[in-house]
Each structure stands twice: as C-alpha cells, then as structure tokens.
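According to this note's numbering, the sequence shown is numbered sequentially starting from 372. One structure is given below, encoded as structure tokens.
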Amino acid sequence: MDSLIQLSIYVLLLPLVSFAVQIFFSGKLPRQGDFIAAGFLGIAFALSLYIASSVVGAFNPDFKLQWQFTWVDFGNVKGIGELKFKMGILMDNLTAIMLVVVTGISFLVHIFSMGYMEGEARYGRYFGYLGIFTFSMLGIVLVDNFFAIYCFWELVGLSSFLLIGFYFEKDSATNAQNKAFMLNRVGDIGFWLGILILYSQFHTFNYQEIYANVAAGKFGMSEGMLTLAGILLFMGCMGKSAQFPLHTWLPDAMEGPTPVSALIHAATMVAAGVYLVARVFVILTVDALQFIAVIGAVTAFFAATLAITKNDIKRVLAYSTLSQLGYMVMGMGVGSFAAAFFHLVTHAFFKAGLFLGSGSVIHATHHEQDMRYMGGLMKKMPITFATFTICLLALSGLPLFTGFLSKDAILAGALGFAKVEGSWFAVVPILGFGAALLTPFYMGRQWFMVFFGENRADQKPASAHDDHHHGHGDDHHGEIHESSLVMTAPLVVLALMSFWFVFSPNPLSGENGWFMKLIKTPETVVLAKATEPKSLGANEHSASVVAVSDEKKDEEKKNEHGSEHKDGHAGAGEHHAAFKNERQAKLEHEAHEAHGTAVMFSISFAVLGLGLAALVYGKGMGALGLPFEGLSKMMNWFNDTIPENGLVGGAARVGKGFASLNGALDKNVVDGLVNLTGMLVQLFGIVFRKLQTGRVQTYIAFLLIAVITYFAFNFLK
C-alpha cells in the first residue's frame, strides 16, 4: 500500500477515534476531553497538509493514485457473470485539497468551540459529534465508488441531525433537525436512483470503471436516460447543498450551535453536494449540465434577495451560503469546473470566518442574534471587526481577496456559456450578476448594523427577548468586550486565508495561480453520430457528454492518420475528439474572452452594492436615505390599502374560494374513501376473527374442506 494511501486512512480514522473517546469517556476526562478531540483533529490536519504537499507539490493535474480491496465476492452469478464489490480510496488533486479544507476548518472549529461552548451541558458529547461529522465528510472525499459515498452521505445526514438538534430541549431545534433530515432524504432518493441506473448498466459502483464504460459507449439505455441519471445524481447535491427547491432546511439549521453552523456551511455538509457534482462531471450530458446551470443561477439570485430581509445575524449568512452554493453549482453547469471548485475552497475559508465571527459577536453580546439591537461593536471588538471585515470583503467579491478570483471566473464562464448555448441561456449570467450586486449590499447592511453607530441593545422591548439557549458560565449582563484568544486566533487564520496571494500572484486573476493550473477540467466528448464534424451553433449540441479514458485517447491518436470509413467519413474516435474540441474549446475561449467584462461588471457591482448599503444603513447618511424612506412608505401604503380591493383582494378571494373547494373535496372524497377503506377492513376483521379459534381440529377441518373443494372443482371442470 502506498504511504499516501496509508496516511489518508489515518486522517479518516482519527476523527472517528475522537468520536469514540468523547462518547464513552469524556465524562471521566479533564475538561471533558475537549483538548483530546482538538488534538486528534490537529494531527489529522497536519497529515492532510503533508499529503497535499506531496500531491499538489508534484504540479501534475493528472495525478491519480488508487487502492482497492474486495469487499464482497458473490462469485459467478447467472445472467451477470463474475460479481464482486470493491472498496477503496481514490487520491487525486481534488481529494488532497479537500482533505486540507475539511480537517483544517474542523480543527479551527474545535479550537473556537473550546471558548464558545464552555459551560454548556453535554459539552463532551458535542466534541464527539464534531468528530463523527468530520469523519463522515472525509469518507465522502476519499472513497472511490458510489456505494461507499452513499453510505458516508447518509452518515453526514445523521451527524447533521445530531448537531442541528443539539439543543433538543427547544422545539425549534428539533423541528429544524427533522426538517433538514427529511428534505435531504428527498434528494438522497434521487441520488440513489441515479446510482442504480448506472449500476444496472455496468454492474459496478466504481467511479473509474463507470467512466470508462460510458466513454466506450457501453451505456445501453437511451441518451435521455443518461441525462436522467445525471439529474438524479444531481438531486443528491440539491439536498446536501440546499439548491432550489430543496433549500429551506439550511436557514433553519441555525438552531444548532454557531461553530456547527461554520462547519456545515464551510467544509462539510453543503460542500458535499458540490464535491459530488465534481466527481460525476465527466458523465453529465449537456442537457443535464444546462439544467444544473439554471438551478444554480436561480438559487444564487433568489437566496441573495432573501438575505436582504433577515435580521438574525446567522440567517443572513445562511442565505448568503445558499447564494454562494448556487454560484458553485452554476459554475459546474456552465463548464467552469476549475472555477467552481476554486470557489468551493475559497468560500470555505471566508464563510467559516464570517460564521465564527458572528459567533464571537453573539458570545460578546450575551447571545443576542438580532442585528437591530446591536451596533457600535467596532471599537469594543477590534479583532473580530477586522477579521469579519476581511472575510466580508472576500464574500462581496472585491479585488485583493479570494472571493473575487473565484467568483469572477465563474461569471466569465457564465457569459461564455450563454454565448455558446444561445440567448435562451442569457438568464444564467443575468441572475449571476444580479446576485453579485445583492451580495455586497446585504453584507454591507450587516456590517453597518453590527459594528457601526450606537449600540441599540437597550432599545429591545421586553416582549422581544428571545429564549436563546446558552449554558455558559460567563456574566451575561456584563460589558461587551473582545472574545478570548482561543476564539480570535481561528478568526485571524481564516482572515489571512481570504487574501488573494494565498492562491494567485495576480490580485485580478486566478488563471496563473497554482490552484487554477492544478485543477484540470475533466476531458469530455460529445457522443456524435457517424457524420462529418461541424461547428456547433448556438443551440446545437448532443445530449450526451462522456469521459475519455486514456485508452480511448491513445486509440484516437492511432487512428488519426488514415483510419476512415469507406464512405470517406472519419472514424468515431475522431468524431468524438472533433466534437469535444469544438464545444469545450468554445466554452473555454468565450470564458477567457469574457474575463475582462466579468471583472469590470463585478467590481462595479461590488462597489455599488456596498455604496447602497452605506447610503441606507451608514451613519450620518440619513438625508441620502430619503428616497428609500419614500419607497418604503409607498410600499407600506400599498400593503395597507390595496389588499382590501383591486387585484390583490380579488386574488385573495379566488384563493379563498379555491381553498374552500379543496377543503370540501378533501373532507367528502378523500376522507370518505379513507373512512370507507377503514370500515371494510373492520368488517372483514369481524368476519375472519370468527375463523381464528386457536383449535387445531378446526384448522384441520378447514384444510380438509379446501382440499375437497379443490378436487371437486377440478372434477366438474
């Protein structure tokens, strides 16, 4: 076994050991074992850094290392042949980078939690839950087949269930954990059906074997079924990464402890969905990719609009995560694979910084989460303010920060995608740039409301005091002050990781940075008919994109000089290459050409969004805010006046009538059928209960009657 594979197994198992220690022995350990849990994750992070330095340091985009063992061997099965299931680990650049992201952020969350969660009931168990959560995500990253990833996928669901509902004494927490669990089951059902479609064709769950089989044209079903399989696989992402319409669980997940929110939103649960799309990218058809692009764009925009209206500091960030996940999914859909994965990584650091920063604010304000009753924290919490500001600017997409590099690459890809695919898909970049305008606005709103102006804690009415669960031992009525070093140190690290120089020497472009050079877009080809290759028009494409194996590429090279059909047409391999080069080259070329446009609009929108936030929420800008006040009064008049009359009132009456009709049908038809079924079951129960005497003689008599009846029926027949 290769040493890197061995080390990756240690990385996987260390959080699991942490979980076991915390669950069974935390009550007997000093500080309930928090330092042991953090230590295990620190070792896992150090090993991950070594693995990444070995893999990434080779600067080989095609690096791949695989280890397998036979898990189950069914032998020779009739109708199938030899049937065995293998498990294993796949190590490539994506795996190595994700190991560092997951273990690094989990380690920082462990450290931060030692200060934030101090004094909580079930303190030791909390760290155990963090361990099983990290273990589950690492399993998703490391495995090499669909069956194993699905097992870890469900384990992530269980882990999130435990942590979202950590304060299970509150109804809101239990409702949130149930909602997250059930909505994810919807997406997971689709994910499993997609896996079964692929397995029914190839009798294997292994990624590489499935990719090679699809590339060889061995998918026996129609191209439409391959598209369906891709969309069903994507449903797993819709659940875990909270894409429309399976998005509503993520904001409610804020009921868990704030450090858990940082882990969920940055490196574990929501990252799993985008990572899945990256893994199955090579077998996604063009139709499936278009579907994915539209879903991502819609999610990015509408989640940003919702973030504007929220007052809970964590919910604003939750809707921000929804929007940024939409960017990543959109990036995958438009073919900007490297940019989408880049944004997954950059977002992990600055979003973890924002959530932990909000946790620092919440901790200092005695667990106040409503931004309307904050303000003036800039001077009282200078470290939190500085680090939060850096991460905020990264999220807003301003130059000199990582969010600008990755987001702009996605937006450039969206512009190129619309140009290649046609005007119908112009909605993708339009929604993308719309979200780019709204993001700095709602983040600027949060920035001004939390850190500037006067503190408004005394303005909160007594009836508005929420019953936020906290069991900390600190003085909840003391002066607001900066958080302890154990909480601010992770913030500083995450803020430093949000600067451009971590990933690229050019603050305006990531193309020449080590990350974008290392992450290679998986080569795909469009299944073509046996006809002459031609230029793809704006709306011309095949329905199927498949992976190209190394053997296939070698075969294409061999056939390059002379292997042609008798009718003069080139061989199938050359058609595949022609179509691949045509479409992929067009997407990459148009994205490169659109980069300058994307940069110009993105910077303009970022500055405009922050400027609008300053006009509306900044100190001393009240006069400039008069137009917005007038608009607000007009909307208030509309809300108070129009609903009773006119269009809105008419719509309300129609809705009420429809609801009444629906209620009558439900009561008389649906309930009637249900009640009738119940009555019939009860009637049959009364009849057949008489036959259940418990006497053997009676049953023998029934059997004898049945036998006689059978022979009599056959005799008469």
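Quick reminder that beta carbons are idealized off the backbone N, C-alpha and C, glycines included.
Is the beta carbon of residue i sitting closer than 8 Å to the one on residue j?
i                 : j                 : result
glutamate 525     : aspartate 559     : yes
isoleucine 503    : phenylalanine 390 : yes
valine 705        : leucine 802       : no
leucine 412       : threonine 545     : no
phenylalanine 562 : leucine 621       : no
alanine 1089      : leucine 715       : Only positions 372 to 1088 of the chain appear in this structure, which leaves residue 1089 out of reach.
proline 386       : tyrosine 487      : no
valine 641        : threonine 692     : yes
serine 767        : proline 811       : yes
glycine 601       : isoleucine 520    : no
serine 530        : tyrosine 497      : no
leucine 862       : serine 731        : yes
valine 527        : alanine 643       : yes
alanine 423       : leucine 470       : yes
valine 645        : valine 687        : no
isoleucine 684    : tyrosine 813      : no
valine 426        : alanine 467       : yes
alanine 984       : arginine 743      : no
phenylalanine 713 : isoleucine 476    : no
phenylalanine 605 : alanine 675       : no
Tell me where the alpha helix (DSSP H) around residue i begins and ends.
i                  : result
phenylalanine 685  : Position check: residue 685 holds lysine in this sequence, whereas phenylalanine was assumed. Its alpha helix (DSSP H) spans residues 684 to 704.
leucine 400        : Element bounds for leucine 400: n/a, residue is neither H nor E.
valine 653         : Element bounds for valine 653: n/a, residue is neither H nor E.
glycine 558        : 542 to 573
proline 622        : 620 to 623
threonine 629      : 629 to 637
phenylalanine 791  : Note that residue 791 corresponds to valine in the displayed sequence, not to phenylalanine. Note, valine 791: alpha helix (DSSP H), 773 to 792.
glycine 1098       : Residue 1098 cannot be examined here, being either before or after the span of the chain that is shown, 372 to 1088.
phenylalanine 1140 : No answer is possible for residue 1140: the residues shown for the chain start at 372 and end at 1088.
lysine 888         : 885 to 889
phenylalanine 615  : Note, phenylalanine 615: premise wrong, no alpha helix (DSSP H); not H, not E.
methionine 752     : Looking at the DSSP string, methionine 752 is not in any alpha helix (DSSP H), and its letter there is neither H nor E.
tyrosine 337       : Because residue 337 is not part of the residues shown, which for the chain are 372 to 1088, the question remains open.
leucine 865        : 856 to 867
glycine 881        : Run containing glycine 881: none; DSSP gives neither H nor E here.
For residue i, which three-state DSSP category applies?
i                 : result
aspartate 515     : coil
isoleucine 451    : coil
leucine 436       : strand
isoleucine 460    : strand
glycine 490       : coil
alanine 726       : Position check: residue 726 holds phenylalanine in this sequence, whereas alanine was assumed. Helix, per DSSP.
glycine 528       : helix
glycine 446       : strand
threonine 760     : helix
threonine 441     : strand
aspartate 373     : coil
asparagine 826    : coil
glycine 577       : Per the sequence presented here, residue 577 reads as asparagine, with glycine not at that position. Here asparagine 577 sits in strand by DSSP.
phenylalanine 539 : coil
phenylalanine 874 : coil
glycine 944       : Confidence at glycine 944 is low in this model, with a pLDDT of 37, below 50, so its placement is unreliable and the value that follows should be read with caution. In this structure, glycine 944 counts as helix in the three-state DSSP scheme.
serine 707        : coil
threonine 1090    : Because residue 1090 is not part of the residues shown, which for the chain are 372 to 1088, the question remains open.
alanine 984       : helix
alanine 965       : coil
glycine 475       : helix
leucine 769       : coil
threonine 1069    : helix
glutamate 850     : coil
Contact defined as beta carbons within less than 8 Å: I believe residue i pairs with residue j. What is the distance between those atoms, to the nearest angstrom?
i              : j                 : result
leucine 597    : phenylalanine 590 : 6 Å
alanine 797    : isoleucine 482    : At roughly 46 Å, the Cβ-Cβ gap does not stay under 8 Å, so alanine 797 and isoleucine 482 are not in contact.
valine 881     : phenylalanine 874 : It is worth fixing the name first, because residue 881 is glycine in this sequence and not valine. 6 Å between Cβ atoms; contact.
isoleucine 407 : leucine 400       : 7 Å
threonine 892  : alanine 709       : 6 Å
leucine 782    : alanine 664       : Contact flag wrong, Cβ pair sits at about 12 Å.
lysine 455     : phenylalanine 445 : 7 Å
glycine 610    : asparagine 549    : Actually they do not touch by this definition, with Cβ atoms about 15 Å apart.
serine 854     : histidine 734     : 6 Å
threonine 1101 : glycine 724       : This structure gives no information on residue 1101, because the portion of the chain shown stretches from 372 to 1088.
leucine 771    : proline 878       : 5 Å
histidine 636  : lysine 722        : 5 Å
Would you check if there are 3 or more beta carbon pairs closer than 8 Å linking the region 748 to 755 to the region 785 to 796? no
Assess, as a yes-or-no matter, whether the region 460 to 470 is touched by the region 426 to 436 under the definition of 3 or more beta carbon pairs within less than 8 Å. yes
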